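Here's the structure we're looking at; comments come further down.
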Amino acid sequence: MKKTVLTVDDSRTIRQMLRAALLDAGMEVLQAEDGVQGLEVLDGSMPDVIVTDINMPRMDGFGFIEAVRGSERHRAIPILVLTTESVDDKKDRARRLGATGWIVKPFDPVKLVSAINRVAA
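In the UniProt record's numbering, the protein residues as written are 1 to 121.
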């Protein structure tokens with residue numbers, strides 16, 4: 001069965017790169033530009049994995065992770081953080097909020113797909 005991945009990132013370029021990498025890996029892709037839109041997309045879907053950026057307008061990745069973990073329906077979905085940030089306190093904060101893993105941009109498509117398959121297993 002195909003895995004469905006929701007990507008949440010305010011960069012159009014990153015969204016396009018993610019879409020290409022995930023489609024090439026045979027996955028279905030849902031996309032959102034920020035945490036607010038990510039929650040709207042989640043309203044009508046049940047992805048296997050969420051990949052989110054941290055620094056975004058309207059609702060950042062921390063707020064988004066917290067909202068997903070607070071949702072009865074979606075709280076068990078693995079969340080991978082994909083960001084340019086590599087500071088330990090931000091990683092710790094994301095983990096405390098419920099992030100499953102952390103990938104630093106620029107990302108290697110093969111490693112990203114491998115991480116998604118690992119957490120979705």
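Glycine included, C-beta positions come from ideal geometry on N, C-alpha and C.
Everything numeric in this text was worked out from a predicted model, so none of it was measured.
Quick check: the Cα distance between Leu42 and Ala20, rounded to an integer number of angstroms?
Here residue 42 corresponds to residue number 42 of the sequence shown, with the count starting at 1. Here residue 20 corresponds to residue number 20 of the sequence shown, with the count starting at 1. So the alpha carbons of these two residues sit roughly 21 Å apart.
So, using beta-carbon positions, are Asp60 and Val8 closer together than 8 Å?
Locating residue 60 in the sequence shown gives position 60, where the first residue counts as 1. Locating residue 8 in the sequence shown gives position 8, where the first residue counts as 1. No, the Cβ-Cβ distance between Asp60 and Val8 is not below 8 Å.
Please state the DSSP three-state secondary structure of Ile50.
Sequence index remark: in the sequence shown, residue 50 carries index 50 (1-based). Three-state DSSP puts Ile50 in a strand.
Run of the alpha helix (DSSP H) containing Thr13, from where it starts to where it stops:
Working through the sequence shown from its first residue, we reach residue 13 at position 13. Per DSSP, Thr13 belongs to the alpha helix (DSSP H) from 12 to 24.
Going by DSSP, what residues sit across from Gly61 in a beta bridge?
Numbered from its first residue, the sequence shown carries residue 61 at position 61. According to DSSP, which records beta bridges pairwise, Gly61 is partnered with nothing at all.
With three or more C-beta pairs closer than 8 Å as the rule, is the segment 66 to 84 touching the segment 44 to 58?
yes
Beta-carbon proximity list for Lys91, same chain, < 6 Å, skipping 5 on both sides:
Walking along the sequence shown from the start, residue 91 turns up at place 91. For Lys91, where only same-chain residues beyond five positions count, the Cβ hits under 6 Å are Trp102.
State the Cα-Cα distance for the pair Asn55 and Ser45, rounded to the nearest angstrom.
Residue 55 sits at position 55 when you count from the first residue of the sequence shown. Residue 45 sits at position 45 when you count from the first residue of the sequence shown. When rounded, the distance between both Cα atoms is 24 Å.
Tell me which residue opens and which closes the beta strand (DSSP E) that Ile103 is part of.
For the purposes of this step, residue 103 is identified with residue 103 of the sequence shown, where counting begins at 1. Note, Ile103: beta strand (DSSP E), 101 to 104.
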